[in-house]
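J.: Those protein sequences? They're chains R and V, same order as listed.
Each residue of the first sequence is one higher than the last, beginning at 1 in UniProt numbering.
Each residue of the second sequence is one higher than the last, beginning at 1 in UniProt numbering.
Where a beta carbon is used, it is the ideal one built from N, C-alpha and C, also for glycine.
Sending over a structure as structure tokens; questions will come in a sec.
There are 2 protein chains.
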Amino acid sequence: MDKNDLVIISVDDHVTEPPDMFDKHLSAADLKTAPKFCVDENGKNYWTYQGMFMPSVGLNAVVGRLPEEYGMEPSSLEEMRDGVYKVDDRVNDMNANGIAASLNFGTCVGFDGGRFHKAEDKSLSLIHLRAYNDWHVDEWCGAHPGRFIPCGILPTWDMKATVEEINRLAKKGCTAISMNEAPTSQGLPSIHNEYWEPMWKALVENDMVTCLHIGAGHPAPHASMDSPIEAWITTMPMSVSTGAADWLNLEALLKYPNMKIALSESGIGWIPYFMERADFSHARHKAWTNSGFGGLKPSDIFKRHFMSCFIDDAFGLKNLDSLNEDMVAYECDYPHSDTLWPEVPEYLWKSIQHLTEAQIEKVTNGNAMRFFNFDLFKHFKREDVTVGALRAKAAADGVDTTPKSYSGDKPLADGEAKRRVVSGDLMKMFAHHAQNGANKAG
Amino acid sequence: MDKNDLVIISVDDHVTEPPDMFDKHLSAADLKTAPKFCVDENGKNYWTYQGMFMPSVGLNAVVGRLPEEYGMEPSSLEEMRDGVYKVDDRVNDMNANGIAASLNFGTCVGFDGGRFHKAEDKSLSLIHLRAYNDWHVDEWCGAHPGRFIPCGILPTWDMKATVEEINRLAKKGCTAISMNEAPTSQGLPSIHNEYWEPMWKALVENDMVTCLHIGAGHPAPHASMDSPIEAWITTMPMSVSTGAADWLNLEALLKYPNMKIALSESGIGWIPYFMERADFSHARHKAWTNSGFGGLKPSDIFKRHFMSCFIDDAFGLKNLDSLNEDMVAYECDYPHSDTLWPEVPEYLWKSIQHLTEAQIEKVTNGNAMRFFNFDLFKHFKREDVTVGALRAKAAADGVDTTPKSYSGDKPLADGEAKRRVVSGDLMKMFAHHAQNGANKAG
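Rendered as structure tokens:
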């Protein structure tokens with residue numbers, strides 16, 4: 001086996017929604033109140049919805065840029081590769097990178113659909129959230145059957161509508177949903193409240209995965225506004241540990257042994273420590289905490305329910321025997337700055353060579369297929385979706401992966417000394433961008 | 001070699017300050033304004049200082065209790081083992097546990113001396129902070145030469161006084177100081193500000209260690225008030241990663257290659273992942289962040305400057321080759337709820353047996369001695385401070401380690417159903433305790 005024989009499925013990528021996303025999925029009346037894509041006189045893009053202004057059309061979608069420009073946040077579609085928001089170009093970019101299939105989180109709606117939670121008129125939110133799901137499943141994923149794992153979002157502010165939407169998504173063939181790992185940050189009851197019981201039940205009955213993407217409910221904190229930005233970037237994936245520990249203690253996991261949670265963009269190398277620490281904490285404290293894991297250890301529960309994923313994680317893969325090797329998957333994180341596009345196979349091959357072929361198959365595609373009920377090989381012969389085959393197709397199609405220069409908002413002013421970029425610079429850039437847009441929107 | 005041959009030094013334990021701590025270290029006038037230990041009519045203890053009320057005399061000092069009572073916070077000295085606040089009893093407890101030497105953080109003054117930062121009259125704070133250091137170094141540690149690694153606190157609100165105190169502590173033979181890993185949380189400039197330069201210089205010139213204890217500047221967040229408390233306990237040590245990433249990016253580490261940072265109560269198993277992630281983030285982002293590590297990788301800097309420590313961490317010790325084996329030390333965390341007292345040697349032996357004798361010597365005592373400039377064997381022959389020798393002494397001295405029942409504040413009301421204890425219960429218990437005391441103090 002060599003890297004060209006790999007079949008790679010990525011369980012965490014992102015899509016920037018195109019301007020016409022709602023056009024085919026809403027009545028004329030509902031389209032009028034839907035999120036609206038706007039272009040200002042400088043060519044900057046933003047969305048407006050129910051009086052809110054959403055400037056971050058690209059959110060760190062820097063794929064394909066010169067590395068020097070990674071810090072310049074794209075503020076219009078023109079500042080990004082076409083593959084970020086056009087599905088045929090996306091598939092070309094996947095081919096060039098040897099990615100057979102991919103699960104995409106939304107951008108302007110929020111990874112977790114949080115934008116619809118923030119809106120005041122929830123009856124409108126419900127209509128537009130469903131239209132997002134229709135666009136995502138039928139139009140984006142549907143354009144290339146077998147190349148995408150659909151992932152819906154839910155109107156969790158309304159439990160009846162949530163259960164209906166789960167059933168509706170399941171009928172469409174959608175096997176995953178994304179939600180905020182800390183619903184209390186959205187003003188909803190905590191996951192330990194009985195409020196959620198109908199949803200757990202519906203998800204399990206439909207054998208659907210709950211994806212918890214980093215950065216929603218418990219984002220990585222900035223150590224200070226003076227902190228060099230690489231410190232923040234370093235701690236991002238591990239920040240999901242707060243939510244992971246909370247979900248690990250969810251009693252529904254004991255009631256529903258088949259419940260499935262994906263920690264999206266989690267990394268894997270810290271997880272054996274985390275499981276051992278959870279076991280230690282339980283052993284030391286159970287006499288007064290009254291907690292229980294159904295006679296199992298917390299690590300048993302973690303291994304049974306939680307899928308984690310990695311971009312580039314040699315230490316974690318070296319310690320695959322300290323994880324559940326059936327619950328680890330690859331993620332590409334296209335088009336965000338951590339993505340190794342278009343060199344994923346090269347990096348991946350380096351860190352998995354010590355594994356058996358069976359283990360390689362599991363972490364590169366088998367686990368993702370089983371966990372997400374996604375049968376790539378129903379659509380394609382294996383030999384047609386290997387790294388080698390996909391890259392040959394990309395070459396034949398003339399997919400250009402040369403890094404390019406794009407414009408975009410910059411963290412440091414032109415002419416400013418080449419000092420280190422700190423957390424405060426990013427905050428200022430985002431605030432400036434938001435203010436600019438708000439002035440236009442206002 | 002067997003467990004009785006180990007010589008164990010712990011780089012993280014705690015002391016509850018006794019009521020008379022200031023008596024020998026202040027003039028009559030300064031004693032009048034010093035922190036004052038009080039007993040209310042119910043026998044509860046608290047300290048008052050400059051109008052502040054400090055109820056947590058024990059802060060989780062549950063050592064020696066029945067496990068069912070771990071959640072009951074001690075609110076008076078009588079609710080704790082004598083070893084928590086009496087030095088001779090402490091040494092007896094160390095003997096019973098096979099601990100040769102120990103570094104102790106303060107309690108009512110804060111791990112980081114934060115109490116003196118919160119006080120309004122900083123000229124008084126400075127006087128009393130120095131008296132704390134005198135008590136800690138001369139009286140507590142001085143009572144049993146060679147059994148304690150002294151660790152001072154600093155008046156970092158005043159850089160001139162800070163440098164003077166570093167020099168004063170160094171002359172006393174103190175080789176470590178403890179500070180808040182996020183001084184911005186105390187209203188001070190961030191560690192990246194030139195404000196700190198005189199302090200870095202003084203610490204390096206005196207070859208002193210800077211200890212950053214978990215829980216000060218970036219405490220582990222509670223996922224929600226409904227979150228089972230074991231989730232919070234699980235994530236506590238790893239919460240230091242935010243501060244660790246920030247300090248890893250400190251430019252002073254390039255200027256001072258001998259600067260020494262101890263991540264106190266950090267755990268170790270997550271650190272290889274953290275270093276790999278820091279290297280990845282730097283490699284991917286350095287073109288726009290303008291960061292630099294002096295031509296080295298972030299992991300090289302981490303390995304050169306940062307000591308981490310473990311209580312019980314089989315995964316980390318299994319992966320000692322992915323850490324710097326010269327920069328890992330043992331910690332006991334007496335008298336807090338994570339401590340394995342009085343069975344440390346039994347737990348420790350299980351997780352280090354695969355190491356070479358040289359490695360065992362490093363992680364159990366050698367690294368701590370080198371890093372903290374602490375020469376245990378100047379005071380004792382090796383054979384007199386082994387686990388076997390110390391336990392024989394404890395047995396001869398009749399040290400009783402039988403778990404006992406103590407009273408204390410409880411997280412759940414008497415008669416309440418045996419439901420799981422959640423974050424909100426602890427918050428309520430602390431608030432109740434604080435309110436009670438505030439009423440008395442007021």
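Comparing the C-beta of R:GLU68 with each C-beta of chain V, is any distance below 9 angstroms?
T.: If you number the first sequence from 1, residue 68 of chain R lands on position 68. Yes, R:GLU68 lies at the interface with chain V (some Cβ there is under 9 angstroms from its Cβ).
J.: Grab the span of the alpha helix (DSSP H) containing V:ALA394 for me, first residue to last.
T.: Position 394 of the second sequence, counted from the start, is the residue given in the question as residue 394 of chain V. 387-396 is the extent of the alpha helix (DSSP H) around V:ALA394.
J.: So with Cβ pairs under 9 angstroms, would you call R:SER56 a contact of chain V?
T.: In the first sequence, the residue the question calls residue 56 of chain R occupies position 56. Output row for R:SER56: interface = no.
J.: Where does R:MET80 land, buried or exposed, given buried means 16+ other C-beta within 10 angstroms?
T.: Taking the first residue of the first sequence as position 1, residue 80 of chain R is located at position 80. Per the 10 Å Cβ criterion, buried.
J.: Among V:ASN367, V:SER125, V:GLU331 and V:ALA431, which has the Cα closest to the Cα of V:ASP158?
T.: Position 158 of the second sequence, counting from 1, holds the residue named residue 158 of chain V. Among V:ASN367, V:SER125, V:GLU331 and V:ALA431, the Cα nearest to that of V:ASP158 belongs to V:SER125.
J.: With DSSP collapsed to three states, give me the class of V:SER178.
T.: As a working mapping, residue 178 of chain V is identified with position 178 in the second sequence. Correct three-state label for V:SER178: strand.
J.: What's the gap between the Cα of V:GLY110 and the Cα of V:CYS151?
T.: What you label residue 110 of chain V is simply residue 110 of the second sequence in a count that begins at 1. What you label residue 151 of chain V is simply residue 151 of the second sequence in a count that begins at 1. Rounded to the nearest angstrom, the two C-alpha atoms are 13 angstroms apart.
J.: For chain V, find out if any of its Cβ atoms is closer than 9 angstroms to the Cβ of R:PHE274; answer yes or no.
T.: In the first sequence, the residue the question calls residue 274 of chain R occupies position 274. Interface residue, yes.
J.: Of all the CB atoms in chain V, is at least one closer than 9 angstroms to the CB of R:THR402?
T.: Walking along the first sequence from the start, residue 402 of chain R turns up at place 402. It does not: the Cβ of R:THR402 has no partner Cβ on chain V nearer than 9 angstroms.
J.: Which chain R residues sit within Cβ distance under 7 angstroms of V:GLU230?
T.: Residue numbering aside, residue 230 of chain V sits at position 230 when the second sequence is read from its first letter. Within 7 angstroms Cβ-Cβ: ASN249, SER281, HIS282, HIS285, THR289 and SER291.
J.: Where do the N-terminal and C-terminal ends of the alpha helix (DSSP H) with V:LEU253 fall, by residue?
T.: Counting from 1 along the second sequence, the entry for residue 253 of chain V is found at position 253. Residues 252-255.
J.: From the DSSP secondary-structure annotation, give me the bridge partner or partners of R:HIS213.
T.: As a working note, residue 213 of chain R is residue 213 in the first sequence. R:SER264, per the DSSP bridge assignment.
J.: Here's the rule I'm using: 16 or more other beta-carbon atoms within 10 Å means buried, otherwise exposed. How should R:GLY113 be labelled?
T.: Here residue 113 of chain R corresponds to residue number 113 of the first sequence, with the count starting at 1. Flag for R:GLY113 reads buried.
J.: For V:PHE380 and R:TYR273, I'd like the C-alpha separation in whole angstroms.
T.: The count along the second sequence starts at 1 and reaches residue 380 of chain V at position 380. The count along the first sequence starts at 1 and reaches residue 273 of chain R at position 273. Cα-Cα distance, rounded: 36 angstroms.
J.: Helix, strand or coil for V:ARG382? Go by DSSP, reduced to three states.
T.: Counted from its first residue, the second sequence places residue 382 of chain V at position 382. In the structure shown, V:ARG382 sits in a helix (DSSP, three-state: H, G or I).
J.: Quick check: the Cα distance between R:THR184 and R:PRO155, rounded to an integer number of angstroms?
T.: Residue 184 of chain R sits at position 184 when you count from the first residue of the first sequence. Residue 155 of chain R sits at position 155 when you count from the first residue of the first sequence. Going from the Cα of R:THR184 to the Cα of R:PRO155 covers about 15 angstroms.
J.: Give me whichever residues DSSP pairs with V:PRO228 in a beta bridge.
T.: The residue given as residue 228 of chain V occupies position 228 in the second sequence. Looking at the DSSP assignment, V:PRO228 forms a beta bridge with V:VAL422.
J.: Using a Cβ-Cβ cut-off of less than 9 angstroms, list which residues of the region 211-238 of chain R approach chain V; keep chain order.
T.: Under the 9 angstroms Cβ criterion, the region 211-238 of chain R contributes GLY217, HIS218, ALA220, PRO221, HIS222, ALA223, SER224, MET225, ASP226, SER227, PRO228, ILE229, GLU230, ALA231, TRP232, ILE233, THR234, THR235, MET236, PRO237 and MET238.
J.: Of all the options V:GLY51, V:ASP20 and V:SER75, which has the alpha carbon lying nearest to the alpha carbon of residue 450 of chain V?
T.: Outside the shown range of chain V (1 to 442) lies residue 450 of chain V, about which nothing can therefore be said.
J.: Which residues does DSSP pair with R:HIS14 in a beta bridge?
T.: Taking the first residue of the first sequence as 1, we reach residue 14 of chain R at position 14. Note: R:HIS14 sits in a beta bridge opposite R:PHE105.
J.: So R:MET72 and R:LYS410 are supposed to be a Cβ contact under 8 angstroms. How far apart are they, rounded?
T.: Numbered from 1 along the first sequence, position 72 holds the residue referred to as residue 72 of chain R. Numbered from 1 along the first sequence, position 410 holds the residue referred to as residue 410 of chain R. At roughly 5 angstroms, the Cβ-Cβ gap stays under 8 angstroms, so R:MET72 and R:LYS410 are in contact.
J.: At 7 angstroms on the CB atoms, spell out the chain V contacts of R:THR184, in chain order.
T.: Numbered from its first residue, the first sequence carries residue 184 of chain R at position 184. Simply SER224.
J.: Looking at V:GLU331: is its Cβ nearer than 9 angstroms to the Cβ of V:SER10?
T.: As a working mapping, residue 331 of chain V is identified with position 331 in the second sequence. As a working mapping, residue 10 of chain V is identified with position 10 in the second sequence. Result yes, Cβ atoms of V:GLU331 and V:SER10 sit closer than 9 angstroms.
J.: Using 9 angstroms as the limit for Cβ to Cβ distance, is residue 473 of chain R near chain V?
T.: Residue 473 of chain R lies beyond the residue range present for chain R, which begins at 1 and ends at 442; the question has no answer from this structure.
J.: Can you confirm whether V:ILE268, when its beta carbon is compared against all beta carbons of chain R, has any partner nearer than 9 angstroms?
T.: Along the second sequence, one-based indexing puts residue 268 of chain V at 268. With 9 angstroms as the cut-off, V:ILE268 counts as an interface residue toward chain R.
J.: Rounded C-beta distance between V:ASN4 and V:ASP397? I'm assuming under 8 angstroms.
T.: Within the second sequence, the letter at position 4 stands for residue 4 of chain V. Within the second sequence, the letter at position 397 stands for residue 397 of chain V. Contact doesn't hold; Cβ gap of about 18 angstroms is too wide.
J.: Using only the alpha-carbon positions, how far apart do V:ALA89 and V:GLU17 sit?
T.: Here residue 89 of chain V refers to the residue found at position 89 when the second sequence is read from its first residue. Here residue 17 of chain V refers to the residue found at position 17 when the second sequence is read from its first residue. Reading off the sequence shown, one finds Asp at residue 89 of chain V, where the question assumed Ala. Cα to Cα, the separation comes out at about 14 angstroms.
J.: Classify R:GLY58 as buried or exposed, calling it buried when 16 or more other Cβ atoms lie within 10 Å of its own Cβ.
T.: Counting from 1 along the first sequence, the entry for residue 58 of chain R is found at position 58. Classification for R:GLY58: buried.
J.: Name the chain R residues that come within less than 9 angstroms of V:LYS393, Cβ to Cβ?
T.: Here residue 393 of chain V refers to the residue found at position 393 when the second sequence is read from its first residue. Result: empty, since nearest Cβ-Cβ is about 27 angstroms, beyond 9 angstroms.
J.: Name the chain R residues that come within less than 8 angstroms of V:ALA314, Cβ to Cβ?
T.: Taking the first residue of the second sequence as 1, we reach residue 314 of chain V at position 314. Chain R residues near V:ALA314: GLU276.
J.: Could you work out which residue in R:HIS282, R:LEU296 and R:LYS297 is closest to R:ASN290 when comparing CA atoms only?
T.: The residue labelled residue 290 of chain R in the question sits at position 290 within the first sequence. Per the Cα distances, R:HIS282.
J.: Exposed or buried, which one is R:SER227 when buried takes at least 16 other CB atoms within 10 Å?
T.: Locating residue 227 of chain R in the first sequence gives position 227, where the first residue counts as 1. Counting Cβ neighbours within 10 Å, R:SER227 comes out buried, since at least 16 surround it.
J.: Would you call the CB atoms of R:CYS108 and R:PRO35 closer than 9 angstroms?
T.: Reading the first sequence from its first residue, position 108 is the one you call residue 108 of chain R. Reading the first sequence from its first residue, position 35 is the one you call residue 35 of chain R. The answer is yes: Cβ separation under 9 angstroms.
J.: Check V:SER185 in the structure and name its three-state DSSP category.
T.: Walking along the second sequence from the start, residue 185 of chain V turns up at place 185. Reduced to three states, the DSSP call for V:SER185 is helix.
J.: For R:PRO403, count neighbouring C-beta atoms within 10 Å of its own C-beta (all shown protein chains included) and say buried if the count is 16 or more, exposed if not.
T.: As a position in the first sequence, residue 403 of chain R is number 403, starting the count at 1. It is exposed - the Cβ of R:PRO403 has fewer than 16 other Cβ atoms within 10 Å.
J.: Pull the bridge partners of residue 443 of chain R from the DSSP assignment, please.
T.: For residue 443 of chain R there is no data in the structure shown, the boundaries of chain R being 1 and 442.
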